[in-house]
Amino acid sequence: MIVIKIFELQQFYERWNEKLNSYTTQNLNDVFDKFFSLFVIYNRVYNVVEVILNEEGKLVELKSLGLIDKKRKKVLDNQAATICIAYYLKD
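In my numbering, the protein residues as written are 63 to 153.
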């Protein structure tokens, strides 16, 4: 299952990266579009990483350390974007 999620993420990244590379930085609209494309890519990355960590049983460890709210079933976006990404990258 994790392999499928990573494959889908790679395809998603490639599509959005093409959009990203099509923008110049010659005007403010393109700069905003470039920023927004990066935001969309990162948003997808941290959501997939959260799912992977959950499937590997590693979210339990982060919750037991008090890094992620134990009361919530779903990890908050700000925690997924920071704590989950940092934990995933350390491995």
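Every residue, glycine too, gets a C-beta built ideally from N, C-alpha and C.
| Asked | Found |
| --- | --- |
| Residue environment, Val-110, which counts as buried when at least 16 other CB atoms sit within 10 Å | buried |
| Cβ-based burial, Glu-112 [other Cβ within 10 Å; buried from 16] | buried |
| Pairwise C-alpha distance: Lys-136 and Gly-119 | 14 Å |
| Proximity below 9 Å, CB of Tyr-150 to CB of Leu-115 | yes |
| Under the three-state DSSP convention, the category Thr-86 falls into | coil |
| Alpha carbon of Leu-138 to alpha carbon of Glu-76, nearest angstrom | 26 Å |
| Burial state of Leu-124 (16 or more Cβ within 10 Å) | buried |
| Validate contact between the region 82-90 and the region 99-106 using beta carbons, cut 8 Å, 3 pairs | yes |
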